[in-house]
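Data block below; observations after.
Residue numbers (my numbering): 8 to 202.
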């Protein structure tokens, strides 16, 4: 599941016996999730200079029409977990990926991309021609629901390697949106395919 939002749904002053675990909201891309499944949230939380996956259990599943026992791809779902709600409040886990335990996807702190730049920059008042990527340039990458800054460390033709400020969880072959800072705003300039 691609996590778009994460919440602490407990009201201030709530009776401790009625506390609910952290809630994740997003879209199931593939597979099935069921109440009671053991799940892993990737890349997880920062511990010093590394990231540690979070392991938890699905306590409840909800769709737009109410509680469900299992979720399949299509439509938004909410997952109530056994996580401490402080880990999920304020969209702290937005951009994460939820998988069943044992089905983990790779977490990348460096991405090799096959880059496809558009001829023109999207979203500017005047039509601007797109420039090729430059070494050490900072780019904003949108990887599924995650956003991270990447610094170009290598360029080989239409392939580039970027060092990421925040690691991302993504499968090889997936597309990534690439934006560049133009006029003080991030502007879409192309896409990349994860190698």
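Virtual Cβ for every residue (Gly too), placed ideally from N, Cα, C.
This structure is a prediction, so every number in the text was calculated from the model and none was measured.
Put simply, the backbone Cα of residue 136 is about 22 Å away from that of residue 182. Buried is the label assigned to residue 153, since at least 16 other Cβ atoms lie within 10 Å of its Cβ.
The beta carbon of residue 39 sits closer than 8 Å to those of 77, 78, 79, all from its chain and outside the five residues before and after it, given in chain order. Judged by beta-carbon spacing, residue 15 lies within the 7 Å limit of residue 92, meaning their Cβ atoms are closer than that value. By the neighbour-count criterion, in which 16 or more other beta carbons inside 10 Å mark a residue as buried, residue 87 falls on the buried side. Listed in chain order, the non-local C-beta contacts of residue 171 below 6 Å within the same chain comprise 116, 155, 157, local neighbours out to five positions each way being set aside. As DSSP reads the structure, residue 177 sits in no beta bridge. DSSP lists no beta-bridge partner residue for residue 99.
Counted as a single uninterrupted DSSP element, the beta strand (DSSP E) harbouring residue 66 occupies residues 57-70. In the structure shown, residue 161 adopts extended strand secondary structure according to DSSP, grouped into three states. Residue 164 counts as exposed, since fewer than 16 other beta carbons sit within 10 angstroms of its beta carbon.
Taking 7 Å as the cut-off, the beta carbon of residue 66 is found closer than this to the beta carbon of residue 89. In the DSSP assignment, residue 198 falls within the beta strand (DSSP E) that extends over 192-201. Here residue 10 is not near residue 70, since their CB atoms are 7 Å or more apart.
One Cα belongs to residue 42, the other to residue 19, and the distance between them is close to 27 Å. Nearest to residue 36 by C-alpha distance, out of 53, 46, 106, is 106. For residue 133, the closest C-alpha among the options 175, 189, 23 is that of 189.
Here DSSP, grouped into helix, strand and coil, assigns residue 25 to helix.
Here DSSP, grouped into helix, strand and coil, assigns residue 89 to coil. Residue 176 is classed as buried because its beta carbon has at least 16 other beta carbons within 10 Å across all chains shown.
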